[in-house]
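Here the structure comes first, spelled out in structure tokens, and everything after it is commentary.
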Amino acid sequence: KRAQGTLTSYFGSR
Amino acid sequence: MLEARLEQSSVLKKVVDAIKDLVQDCNFDCNDSGIQLQAMDNSHVALVAMHLKTEGFALYRCDRNIALGINLVSLQKVLRAAQNEDVMTLKAEDSPDALSLVFENSENDRISEYDLKLMDIDQEHLGIPETEYGATVKMPSAEFQRICRDLSLLSESVAIEATKEGIKFSCTGDIGKGAVTLRQNPNVEKPELGTTIELQEPVALTFSLKYLVNFCKASGLSNTVTISLSNEVPLLIEYEMEHGYVRFYLAPKIGD
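Heads up: the protein sequence lines correspond to chains A and B, in order. Here the first sequence stands for residues 1117 to 1130, numbered as in this note's numbering. Here the second sequence stands for residues 339 to 594, numbered as in this note's numbering.
Below is the structure:
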């Protein structure tokens, strides 16, 4: 079963 | 101060309808390019980015950057008092405690004035990198909504595969499985009814249908939706308006 990723691992804080 | 007038209240009403189930409290950032918003859902899986450009306003004045901290459920309660065709004027001071909203009907014989209390929201903004997507699909928004709804009745997640054959949405659940494949089919006379697929490389990703169904609440903003996909990066779904956009980003499912 696949796990849900999060956006923070792709988009950095500005 | 901010003073912004929309010829049709329906524009803001639709935007709020489209995002209110994803985010609850968010800053509407007002500056000389218009009104922008960027907010993630609580689980940090999805992000909405909205821009209403100044060109879309009948009148727009914003001397300084102003962040309007808004609870969207509260805003929707106030917007309910606006008829779709009403002219809407938003006003706020430089460091506002409240947003003033005025709705005027086209006959010019009714003026409704509301104040919405604002809140301090400490919101982190994410830097979204410019991405060359492996596949970009433009299709009727109603059709995308139908596919997401139909598949969400079968399964919690959908596999999206873009190849030179087309784009395939497939899912497997307890009661069975389903798949919808769309082939490139541009419509010369009515481009908004056609499907176009730009493919740089094959893409295969899996996403939560719960979020996609949620994004489709923006379908009223545009007849078409653009879906941009690259392997191992978040999906981008864009509803383009005449003078602005609502974009949704969704992190893919990872692992086996």
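Where is the CB? At the ideal position from N, CA and C, for every residue including glycine.
Looking at the DSSP output, residue 376/B bridges to 387/B. Your pair residue 430/B and residue 567/B does not check out as a contact, with CB atoms roughly 38 Å apart and the cut at 8 Å. Just so you know, the alpha carbons of residue 415/B and residue 538/B end up roughly 45 Å apart. Contact note: residue 462/B reaches chain A through 1129, using a C-beta cutoff of 7 Å and chain order.
Going by DSSP, residue 348/B is part of the alpha helix (DSSP H) stretching over 348-357. Distances from the alpha-carbon of residue 581/B to those of 342/B, 454/B, 463/B, 395/B put 395/B closest.
Secondary structure of residue 423/B (DSSP, three-state): coil. Membership of residue 404/B in the beta strand (DSSP E) is indicated by the continuous run 404-409. For residue 378/B, the closest Cβ of chain A is nearer than 8 Å. For residue 342/B, the enclosing beta strand (DSSP E) starts and ends at 340-344. About 13 Å separates the beta carbons of residue 547/B and residue 515/B, which is beyond the 8 Å limit, so they are not a contact pair. Note: residue 576/B is bridge-paired with 564/B, 585/B in the DSSP secondary-structure output. Per DSSP, residue 495/B is one residue of the beta strand (DSSP E) stretching across 495-501. For residue 487/B, the secondary structure class from DSSP, reduced to helix, strand or coil, is helix. In this structure, the CA atom of residue 354/B is about 7 Å from the CA atom of residue 410/B.
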